[in-house]
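Let me begin by presenting the structure, written as structure tokens, before commenting on it.
2 protein chains.
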Amino acid sequence: MAKAQPAASIFEQDLDRTAANTAPLTPITYLRRAAGVFPDKTAVIHGDLRLSYRDLYARACRLASALAKHGIRRGDTVTILAPNTPAMLEAHYGVPMAGAVLNALNTRLDPATIAFILDHGESKVLLCDRELAATARLALAQTKAKPLVIDIEDALAPEGESIGAMSYEALLAEGDPTADTGEPAVEWQSLSLLYTSGTTGNPKGCVYSHRGAYLNAFGNMITFGLRTDSVYLWTLPMFHCNGWTFTWAVTAACGTHVCLRKVEPAPVYDAIARHGVTHMCGAPVVLTMLAHAPDEAKTPFAQTVEIATGGAAPPSAVIEAMEANGFRVTHLYGLTETYGPAAVCAWQESWESLDDRQRTEKMARQGVRYVTLDGAKVGAPADLAEMPADGTTMGEIMLRGNTVMKGYYKNPAATAEAFRGGWLHTGDLAVRHEDGYMEVKDRSKDVIISGGENISSLEVEEALYRHPKVLEAAVVARLDPKWGETPCAFITARPGTTISEAEITDYCREVLAGFKVPRTVVFGPLPKTSTGKIQKFVLREQAKTL
Amino acid sequence: MAKAQPAASIFEQDLDRTAANTAPLTPITYLRRAAGVFPDKTAVIHGDLRLSYRDLYARACRLASALAKHGIRRGDTVTILAPNTPAMLEAHYGVPMAGAVLNALNTRLDPATIAFILDHGESKVLLCDRELAATARLALAQTKAKPLVIDIEDALAPEGESIGAMSYEALLAEGDPTADTGEPAVEWQSLSLLYTSGTTGNPKGCVYSHRGAYLNAFGNMITFGLRTDSVYLWTLPMFHCNGWTFTWAVTAACGTHVCLRKVEPAPVYDAIARHGVTHMCGAPVVLTMLAHAPDEAKTPFAQTVEIATGGAAPPSAVIEAMEANGFRVTHLYGLTETYGPAAVCAWQESWESLDDRQRTEKMARQGVRYVTLDGAKVGAPADLAEMPADGTTMGEIMLRGNTVMKGYYKNPAATAEAFRGGWLHTGDLAVRHEDGYMEVKDRSKDVIISGGENISSLEVEEALYRHPKVLEAAVVARLDPKWGETPCAFITARPGTTISEAEITDYCREVLAGFKVPRTVVFGPLPKTSTGKIQKFVLREQAKTL
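Quick mapping for you: the protein sequence lines, in order, are chains R and W. Going by our numbering, the first residue of the first sequence is number 1, and it counts up by one from there. Going by our numbering, the first residue of the second sequence is number 1, and it counts up by one from there.
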């Protein structure tokens with residue numbers, strides 16, 4: 001849409017866009033079609049609750065029309081604070097059907113951050129699960145924005161406060177189950193507002209368009225092999241990039257959504273076995289948790305479950321452990337700025353002949369662009385020149401295409417900075433291998449510079465994960481008067497094992513260059529975000545105090 | 001894109017389309033990505049020839065840049081007259097990469113029609129397979145247009161004339177294998193020009209956009225389950241709606257194209273077995289031919305082959321016969337005006353409990369809209385009102401969305417007529433069943449009106465196909481002084497059987513209402529188009545002379 005079309009060609013005359021040959025791309029169409037083609041099919045499972053696609057569509061229409069009755073107009077923000085429940089899924093359709101923008105909040109945010117987002121996002125409505133009502137109440141006490149608060153009374157939620165003007169079901173009762181609004185007006189219209197967790201300063205709000213969400217959901221459907229008979233378990237939070245757009249992709253495939261309030265091994269394995277789950281997603285820590293769950297939590301299942309992971313590279317030892325448990329792992333790569341997944345470590349036939357270690361190392365790379373993304377390169381931060389595909393020259397991963405966000409909300413400076421030169425700058429430092437696959441070596445800020453040498457914290461972590469007594473590991477820089485920085489390792493031992501610092505450093509000396517061996521080793525649980533990412537900034541702070 | 005976006009919302013400020021977050025949707029991107037991700041994978045099989053995706057991309061770049069050297073510019077028409085060969089497939093990428101419009105010709109057209117199209121389409125280049133050179137020479141003798149003629153010298157072609165300025169390989173040798181032009185400038189740019197066969201008057205040229213082709217190929221990939229390990233056999237002509245856009249869909253999935261110059265049972269079965277074919281398409285007559293091929297032509301194969309059919313409803317007896325031969329049949333519905341498939345008879349789990357007859361009758365319906373189409377309805381021709389889903393009320397199938405053509409080339413009157421009221425009028429008369437599935441009862445002109453009663457020629461044909469001695473059947477109206485019209489049946493008997501008129505009418509009286517029984521029965525081969533559609537207009541003419 002960027003360049004102008006010359007008027008000369010007869011092929012562009014009397015061949016205009018009309019209502020017959022153009023419709024805005026929008027993920028809402030997926031629900032409209034699923035309800036038309038498979039009205040009686042189970043769309044949503046939540047405990048004993050079953051919603052058919054007819055039900056889901058009717059409830060989304062009710063939500064859209066009820067919001068309109070309460071004054072919500074195109075471009076208004078509707079915030080939701082909820083775990084992976086039917087109401088959360090319904091909001092992914094009903095809110096955009098009202099022309100409004102869905103602002104899903106990370107359920108682990110503190111009240112002050114929620115307050116910042118409600119104000120910055122100019123929220124008009126807050127839909128709040130009762131488990132999170134106490135946090136929301138503290139947040140609302142600090143806001144200038146006074147959104148209409150709606151209590152989501154999920155039957156499976158623990159007891160909680162009522163803080164709203166009415167319940168979610170009462171709101172839906174005001175709506176019309178047949179009132180589809182025909183939104184959006186145009187496909188570039190804003191659909192979603194998602195604040196990045198941001199390790200410094202205030203969070204930034206990524207804005208998604210209907211067009212981008214439609215296309216990324218399509219890319220997920222193709223990449224992950226979703227079909228009408230797919231059963232998708234919601235182990236990935238829906239607030240995280242709208243569940244990497246699987247909130248829409250599963251419906252596009254006319255598959256079944258299985259909701260889940262909390263990710264714990266026993267209920268996950270139980271759901272897999274009970275509902276015949278075929279697909280799920282999760283951060284590597286979720287994989288680690290499932291692979292190393294106690295045997296009594298592992299309800300056996302017959303199918304192979306496709307599990308997509310991302311957010312950080314899955315250590316190859318974790319891939320191997322998951323395979324032994326009946327899963328097939330696909331590694332996706334992306335950011336909140338790219339609607340979640342933008343790249344996939346696409347499987348190559350030639351890997352079949354590799355041994356497990358070599359194969360899972362290939363699979364742990366970030367890979368190649370999604371079919372729905374226009375471009376992905378490893379470029380020089382300065383002039384954006386593409387780096388050689390030699391497996392060693394480091395550059396920054398840069399992405400562009402229809403599945404890159406519209407920009408940061410009310411932050412044109414940050415948007416311009418992120419998009420400089422016509423590419424989204426990810427901040428991830430990577431190499432491109434000879435086979436064209438990208439591999440992240442570090443976040444810019446995760447590189448450890450010791451005696452002038454760059455050390456990839458990921459390389460050290462990958463080595464640590466291979467130690468039989470290591471459950472999880474994270475490595476950060478620690479200031480050092482002589483070397484500038486040295487690697488500092490934080491390690492969680494496997495349950496039932498004990499491990500010493502000497503054991504770790506002796507092992508590392510065997511498998512790593514001397515300057516890469518951690519000079520400091522700390523044992524204990526690792527701090528994590530709600531999406532399971534290890535919070536390295538917390539560890540960096542901790543390293544300063546050692 | 002039709003309605004204006006109000007400027008008020010803060011969500012539409014400082015969040016513009018830029019090079020980072022917008023790229024034109026185009027099927028060219030599928031080849032760019034396949035060559036990047038699977039450069040060494042076999043993209044094309046043709047006899048002993050193998051082209052990798054690296055090769056295919058390089059040859060497309062060569063074609064695009066060589067065409068540019070010969071003066072081809074954005075919006076110029078490049079015509080191709082060729083069977084399903086590598087050159088034909090390459091043209092589907094190289095021509096649009098030059099910004100030009102691909103005009104693929106039906107290989108069975110007569111010289112006068114080809115001459116009309118070359119002139120009307122203002123063709124600048126004609127790529128011609130040597131088997132069709134004699135026809136092309138006769139056509140060129142009648143044209144005002146004097147395109148640059150290029151001889152395609154396919155190694156598997158029979159001997160033929162040289163009529164061109166140079167060979168296709170010599171043209172490619174002039175090109176640059178690394179010169180990707182970055183076309184198109186915008187996604188609405190014209191990509192393809194396809195003339196409908198048209199039973200009366202001059203053919204009309206349907207114009208496709210890059211956007212529409214990208215999306216319909218995506219729809220095919222999802223609907224037909226194409227994956228990286230798919231092997232697609234080219235039994236459907238690529239000139240037919242660009243092979244229903246599978247020319248692009250197979251590449252989008254990074255699957256393998258198996259070319260085939262001629263559709264005959266033995267080479268088709270041989271290719272299925274030899275190359276592990278997983279997917280193919282063809283008109284119902286192709287299915288009939290394959291199902292009833294002599295045993296010695298049927299090389300056994302182990303896999304189940306997905307076969308999509310359309311153009312006419314597959315008689316349920318043909319579906320059953322194909323299943324017995326190792327195929328799984330999917331019924332698609334569409335028109336040249338809709339990039340080929342726009343609807344699919346999507347499988348419902350509840351059909352599994354039906355007996356073969358009931359099940360295949362369900363499967364023979366036209367079904368529901370593609371996920372990539374915005375709307376499909378059975379409407380009243382007058383006011384476009386939607387007909388009740390009662391299985392009996394007849395209306396016209398109307399379609400709308402991004403996979404409807406831009407319009408008819410240089411024919412705004414025909415475009416406006418086809419798009420009146422914001423819907424594409426298909427001319428197909430249908431009912432919508434209670435389950436939402438559409439079923440074509442007839443083309444407007446195929447209804448037989450006898451004594452004031454409407455008779456569906458399809459219903460009579462469906463009954464005839466169930467007779468064990470009937471291979472193919474077509475029913476048209478014959479003028480009758482008393483009844484106005486009566487049904488006239490044209491029948492081809494199965495090889496090795498003989499059948500009498502009395503046998504047919506006795507049988508029909510058992511299974512059809514009396515007024516629907518053919519009053520006239522003619523035995524012999526049926527006239528067909530190059531895409532395998534039975535030419536009812538020929539039979540109607542013949543019926544007049546009986």
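Glycine included, C-beta positions come from ideal geometry on N, C-alpha and C.
Contact defined as beta carbons within less than 8 Å: I believe methionine 438 (chain R) pairs with glycine 367 (chain R). What is the distance between those atoms, to the nearest angstrom? Reading the first sequence from its first residue, position 438 is the one you call residue 438 (chain R). Reading the first sequence from its first residue, position 367 is the one you call residue 367 (chain R). That pair is a contact at about 6 Å.
May I have a chain-ordered list of the alpha helix (DSSP H) segments no shorter than 4 residues that lie completely inside the stretch 487-532 of chain W? 501-511
Which listed residue (W:Ala139, W:Gly164, W:Ala155, W:Ala217) has its alpha carbon closest to that of valine 149 (chain W): Position 149 of the second sequence, counting from 1, holds the residue named residue 149 (chain W). Ranking the options by Cα distance to valine 149 (chain W), first place goes to W:Gly164.
Aspartate 151 (chain W), DSSP secondary structure in three states: Within the second sequence, numbered from 1, the residue matching residue 151 (chain W) stands at position 151. Three-state DSSP puts aspartate 151 (chain W) in a strand.
So which residues of chain R does tryptophan 423 (chain W) contact, with C-beta pairs closer than 7 Å? Position 423 of the second sequence, counting from 1, holds the residue named residue 423 (chain W). Near tryptophan 423 (chain W) (Cβ distances below 7 Å), the residues of chain R are Ala20.
Candidates W:Ala312, W:Gln303, W:Glu264, W:Ala302: which alpha carbon is nearest alanine 291 (chain W)'s? For this step, residue 291 (chain W) is matched to residue 291 along the second sequence. Nearest option by C-alpha distance: W:Glu264.
Which chain R residues are close to phenylalanine 246 (chain W), counting only those with a beta carbon under 7 Å from its beta carbon? Taking the second sequence and counting its residues from 1, the one referred to as residue 246 (chain W) is at position 246. Ordered by position in chain R, no residue passes the 7 Å Cβ test against phenylalanine 246 (chain W), which lies about 15 Å from the chain.
Can you give me the Cβ contacts of threonine 199 (chain W) inside the same chain, cut-off strictly under 6 Å, excluding the 5 residues immediately before and after it? As a first step, residue 199 (chain W) is located in the second sequence; it is residue number 199 there, counting from the start. With a pLDDT of 43 at threonine 199 (chain W), under the threshold of 50, the modelled position of that residue is not reliable, and the figure given next carries that caveat. These residues qualify, in order along the chain: Phe537.
Taking the DSSP output, what are the residues bridged to threonine 309 (chain W)? For the purposes of this step, residue 309 (chain W) is identified with residue 309 of the second sequence, where counting begins at 1. DSSP output for threonine 309 (chain W) lists W:Gly282, W:His331 as bridge partner(s).
Distance, Cα to Cα, isoleucine 117 (chain W) vs tyrosine 409 (chain W)? Taking the second sequence and counting its residues from 1, the one referred to as residue 117 (chain W) is at position 117. Taking the second sequence and counting its residues from 1, the one referred to as residue 409 (chain W) is at position 409. Whole-angstrom Cα-Cα distance: 11 Å.
Anyone know if the C-beta pair for threonine 486 (chain R) and arginine 540 (chain R) falls short of 8 Å? Within the first sequence, residue 486 (chain R) is the residue found at index 486, counting from 1. Within the first sequence, residue 540 (chain R) is the residue found at index 540, counting from 1. No, the Cβ-Cβ distance between threonine 486 (chain R) and arginine 540 (chain R) is not below 8 Å.
Which chain R residues sit within Cβ distance under 9 Å of leucine 15 (chain W)? Position 15 of the second sequence holds residue 15 (chain W). Those within 9 Å of leucine 15 (chain W) in chain R are Trp188, Ser190, Val207, Ser209, Met405, Lys406, Gly407, Tyr408, Tyr409, Pro412, Thr415.
Around the C-beta of lysine 516 (chain W), are 16 or more other C-beta atoms found within 10 angstroms, so that it is buried, or is it exposed? Residue 516 (chain W) sits at position 516 when you count from the first residue of the second sequence. By the neighbour-count rule (16 or more Cβ atoms within 10 Å), lysine 516 (chain W) is buried.
Interface residues of chain A facing glycine 225 (chain W) [CB-CB closer than 8 Å]: In the structure shown, chain A cannot be found, because the protein chains are R and W.
Looking at C-beta atoms only, is the number of pairs between the stretch 252-261 of chain W and the stretch 83-103 of chain W that lie closer than 8 Å three or more? yes
From glutamate 349 (chain W) to proline 203 (chain R), what distance separates their C-alpha atoms? Residue mapping note: residue 349 (chain W) aligns to position 349 of the second sequence, counting from 1. Residue mapping note: residue 203 (chain R) aligns to position 203 of the first sequence, counting from 1. Their backbone Cα atoms lie some 46 Å apart in a straight line.
Rounded straight-line distance, which links the Cα of threonine 228 (chain W) to that of alanine 489 (chain W): The sequence position of residue 489 (chain W) within the second sequence is 489, counting from 1. The sequence position of residue 228 (chain W) within the second sequence is 228, counting from 1. Cα to Cα, the separation comes out at about 45 Å.
Around the C-beta of glutamate 122 (chain R), are 16 or more other C-beta atoms found within 10 angstroms, so that it is buried, or is it exposed? As a first step, residue 122 (chain R) is located in the first sequence; it is residue number 122 there, counting from the start. Buried is the call here.
In angstroms with no decimal places, state the Cα-to-Cα distance between histidine 425 (chain W) and leucine 105 (chain R). By one-based count along the second sequence, residue 425 (chain W) stands at place 425. By one-based count along the first sequence, residue 105 (chain R) stands at place 105. Spanning the two alpha carbons is a distance of roughly 46 Å.
Helix, strand or coil: how does DSSP classify glycine 391 (chain W) here? Locating residue 391 (chain W) in the second sequence gives position 391, counting from the first residue. Note: glycine 391 (chain W) maps to coil in three-state DSSP.
Using a Cβ cut-off of 9 Å, pull out every chain R residue sitting near aspartate 119 (chain W), in sequence order please. Position 119 of the second sequence, counting from 1, holds the residue named residue 119 (chain W). Going along chain R, no residue has its Cβ under 9 Å from aspartate 119 (chain W), so there is no contact; the nearest lies around 13 Å.
Just checking my contact of arginine 211 (chain R) with tryptophan 188 (chain R) at CB under 8 Å: how many whole Å lie between their CB atoms? Along the first sequence, read from residue 1 onward, the residue named residue 211 (chain R) stands at position 211. Along the first sequence, read from residue 1 onward, the residue named residue 188 (chain R) stands at position 188. Between tryptophan 188 (chain R) and arginine 211 (chain R) the Cβ distance is about 6 Å, and since that is below 8 Å, they are a contact.
Proximal chain W residues relative to arginine 566 (chain R), where beta-carbon distance stays under 7 Å: Here chain R has residues from 1 to 546 only, and residue 566 (chain R) is not among them.
Are the Cβ atoms of lysine 69 (chain R) and serine 52 (chain R) separated by less than 8 Å? On the first sequence, position 69 is the one that residue 69 (chain R) refers to. On the first sequence, position 52 is the one that residue 52 (chain R) refers to. Taking 8 Å as the Cβ cut-off, lysine 69 (chain R) and serine 52 (chain R) do not qualify as a contacting pair.
Endpoints, beta strand (DSSP E) assigned at serine 316 (chain W): Looking up residue 316 (chain W) in the second sequence gives position 316. Looking at the DSSP string, serine 316 (chain W) is not in any beta strand (DSSP E); the run it does join, the alpha helix (DSSP H), is 316-324.
Residues of the stretch 423-438 of chain R whose Cβ lies closer than 8 Å to any Cβ of chain W, in chain order: Trp423, Leu424, Gly436
Along chain W, which residues have their Cβ under 9 Å away from the Cβ of aspartate 390 (chain R)? Here residue 390 (chain R) corresponds to residue number 390 of the first sequence, with the count starting at 1. Correct list: empty, because the minimum Cβ distance to chain W is about 16 Å.
Using a Cβ-Cβ cutoff of 9 Å, what residues of the stretch 46-60 of chain R are near chain W? List them in chain order. none
CB contact flag (glutamate 131 (chain R), proline 111 (chain R), <8 Å): Taking the first residue of the first sequence as 1, we reach residue 131 (chain R) at position 131. Taking the first residue of the first sequence as 1, we reach residue 111 (chain R) at position 111. No, they are not a contact pair.
Cβ of proline 300 (chain R) within 7 Å of any heavy atom in the ligand COA? As far as ligands go, the structure on display features none, and thus does not contain the ligand COA.
Closer than 7 Å at the beta carbon, the chain W residues around arginine 328 (chain R): In the first sequence, residue 328 (chain R) corresponds to position 328, counting from 1. Correct list: empty, because the minimum Cβ distance to chain W is about 14 Å.
Buried or exposed, going by whether 16 or more other CB atoms sit within 10 Å of the CB of asparagine 103 (chain W)? As a first step, residue 103 (chain W) is located in the second sequence; it is residue number 103 there, counting from the start. The residue is buried, with at least 16 neighbouring Cβ atoms inside 10 Å.
Which residues of chain R have a Cβ atom closer than 7 Å to the Cβ of arginine 466 (chain W), listed in chain order? In the second sequence, the residue the question calls residue 466 (chain W) occupies position 466. Result: empty, since nearest Cβ-Cβ is about 29 Å, beyond 7 Å.
Considering only their Cβ atoms, is the gap separating glycine 395 (chain W) from glycine 375 (chain W) smaller than 8 Å? The count along the second sequence starts at 1 and reaches residue 375 (chain W) at position 375. The count along the second sequence starts at 1 and reaches residue 395 (chain W) at position 395. No, Cβ-Cβ distance for glycine 375 (chain W) and glycine 395 (chain W) is not below 8 Å.
Helix, strand or coil: which one does DSSP assign to methionine 238 (chain W)? Position 238 of the second sequence holds residue 238 (chain W). Coil.
Which of helix, strand or coil does DSSP assign to asparagine 454 (chain W)? Here the question's residue 454 (chain W) lines up with position 454 in the second sequence. DSSP places asparagine 454 (chain W) in strand when its eight states are reduced to three.
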